[in-house]
Structures are given as C-alpha cells and as structure tokens.
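Numbering (the numbering used here), first residue to last: 2 to 145. Just so you know, even glycine gets a beta-carbon here, dropped at the ideal spot from N, CA and C. Computed from a predicted structure; not experimentally measured.
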C-alpha cells in the first residue's frame, strides 16, 4: 500500500455508539499503560544519554510504525479487514494512547528553555524523521 492509497479517516456513524466510545476508552487506557511500561523499562535498561528524551522518541517511533501497519492491514482490501469500531479502537485508542505528542512538545520546549538549543533542535528533527520513516515502514510491512 502506498501513502496515496490511505484515505483520510472520516467519522463512520458506527463510531457514535456507546460501544465505540467504550472500546476507544479501554484501548486508549491500554495504550497509555503500555507507554508507561516502555518508559519505565527504558529508564531501567538504558544508559543515560544526557538531556535527550530517549523514551519519548522510542515510544513515538514504535507508535508511528504500529499505526502505519494497522492503517495498511485494515484498509479496504487489506489482509486484516476490520470494522470501523475495531479500527478506530486500535489506531486512535491503542496507538493514540501509546504515543505522546504533548510530552514531545513539552520536552523540546524545556530543552530549549534550559539552554540546550542544539539538543532541542536535534530532538525535533530526529523525532519527526524517525516517525515518518516508521509510519512508512509500517504501511509497507502491513501491505506485504
């Protein structure tokens, strides 16, 4: 699947149901707990790299790959067809809860405000490049 075949997600009427809301909430909570577990694991198992926020970079890269793979696998004609509720629960719930753009934004700002301008710029550039590459790889892996 190429990027131009991924259509914009438009709200499906099925997503307005209480069942869809509950599925999204549960999956979002699971994603958030998984993010916390990965962050703790990385903090315990990796050497310090100064002020560079490795955990957020890793979590968001894994999430970008995962959402790309699910988007490709569950797209119309994909190998893993999902209904709109399951697809939204996985993509927006699990991976939305797992990834964290808000923490990334705060960390980049805090690095810059504390005088680590080079580290902040590198963090932003490396992060965005990795996330785009991971999402593209996820799309390709899901399509093959």
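Option in the options with minimal Cα separation from residue i
i, options, result
"residue 115", "17, 14, 53 and 80", "53"
"residue 1", "145, 122 and 100", "Given that the chain is displayed from residue 2 to residue 145, the structure contains no residue 1 and the question cannot be resolved."
"residue 124", "78, 62, 87 and 86", "62"
"residue 72", "23, 89 and 24", "89"
"residue 136", "104, 119, 65 and 15", "65"
"residue 57", "45, 74, 39 and 51", "39"
"residue 145", "80, 45 and 86", "80"
"residue 25", "108, 41, 86 and 112", "86"
"residue 142", "36, 17 and 74", "74"
Local Cβ density within 10 Å of residue i, reported as buried at 16 or more and exposed below that
i, result
"residue 60", "buried"
"residue 130", "exposed"
"residue 140", "buried"
"residue 110", "exposed"
"residue 91", "buried"
"residue 68", "buried"
"residue 28", "buried"
"residue 94", "buried"
"residue 96", "buried"
"residue 128", "buried"
"residue 133", "exposed"
Under the three-state DSSP convention, the category residue i falls into
i, result
"residue 70", "helix"
"residue 19", "helix"
"residue 83", "coil"
"residue 53", "coil"
"residue 12", "coil"
"residue 98", "helix"
"residue 75", "coil"
"residue 145", "coil"
"residue 36", "helix"
Contact with chain B by residue i, beta-carbon distance below 8 Å
i, result
"residue 125", "Annotation note: the requested chain B is absent from the structure, which comprises a single protein chain."
What are the start and end residues of each continuous alpha helix (DSSP H) run of 4 or more residues lying completely inside the stretch 97-136, in chain order?
102-114
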